[in-house]
Amino acid sequence: MMVYIRMRHNFFIRHPHQGFTLIEVLIASVILFAIITLLYQAIAQSTHSSDIARKNLEINSVMPLITGKIKSQLSGRFFQVQNSGEGELLGINYIWHAEQLQKKPLRQSFADQDFENYTNIFLWQVSLTLHSHSKNQTIRYQEVSWR
């Protein structure tokens, strides 16, 4: 047995077996699609940010190894002294070039046993270009070496 409760102004409380009106379904659909759209955009932005971070990490993780190798080549410790070069390390190709900015003689106060074989200190401006399969990056920095 169904019971209707009569309220003021001829409004009725909904019968339990009666469905939703078309307006209610449309409003619910609009809200649902708006939420789905916002979630999709948030996931797409998160994926894009993750890709950018991965590309930056891929290049920046080998940077200390490459700059250490360049410093060794500028000082001539393990290699013949060079002011440019190229190579590949962990899937990252790199090209570098160094210009000598300053050359100064080693001060006598620094000429202890660690520096006794060195006579000059050099300041270099190094341009390093890194190429990976997904990103290219050029970095300029200054390096100090002594010979």
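Under numbering that gives the first Met the number 0, read the sequence shown as residues 0 to 146, first letter to last. For every residue, glycine included, the Cβ atom is placed at its ideal position computed from N, Cα and C.
Alpha-carbon to alpha-carbon, Asp50 and Leu73
As a working note, residue 73 is residue 74 in the sequence shown. As a working note, residue 50 is residue 51 in the sequence shown. Cα to Cα, Leu73 sits roughly 34 Å from Asp50.
Cut-off 8 Å between Cβ atoms - residues of its own chain near Glu85, not counting five sequence neighbours on either side
The sequence position of residue 85 within the sequence shown is 86, counting from 1. Around Glu85: Asn92, Tyr93, Ile94 and Trp95.
Could you tell me the distance, in whole angstroms, from the CA atom of Arg139 to the CA atom of Ile30?
To locate residue 139, count along the sequence shown from 1; it is residue 140. To locate residue 30, count along the sequence shown from 1; it is residue 31. Arg139 and Ile30 have their C-alpha atoms spaced approximately 51 Å apart.
Quick check: the region 54-65 against the region 126-136, are at least 3 beta-carbon pairs closer than 8 Å?
Verdict: yes, contact present.
Since Gly75 contacts Arg146 with CB under 8 Å, what's their CB separation in whole angstroms?
On the sequence shown, residue 75 is found 76 positions in, with the first residue counted as 1. On the sequence shown, residue 146 is found 147 positions in, with the first residue counted as 1. Your pair Gly75 and Arg146 checks out as a contact, with CB atoms roughly 6 Å apart and the cut at 8 Å.
I need the straight-line Cα distance from Ala33 to Glu23, nearest angstrom please.
Against the sequence shown, residue 33 aligns to sequence position 34. Against the sequence shown, residue 23 aligns to sequence position 24. Their backbone Cα atoms lie some 15 Å apart in a straight line.
With the cut-off set at 8 Å, would you say Glu142 and Lys54 are in Cβ contact?
On the sequence shown, position 143 is the one that residue 142 refers to. On the sequence shown, position 55 is the one that residue 54 refers to. No, the pair does not count as a contact, with Cβ atoms beyond the cut-off.
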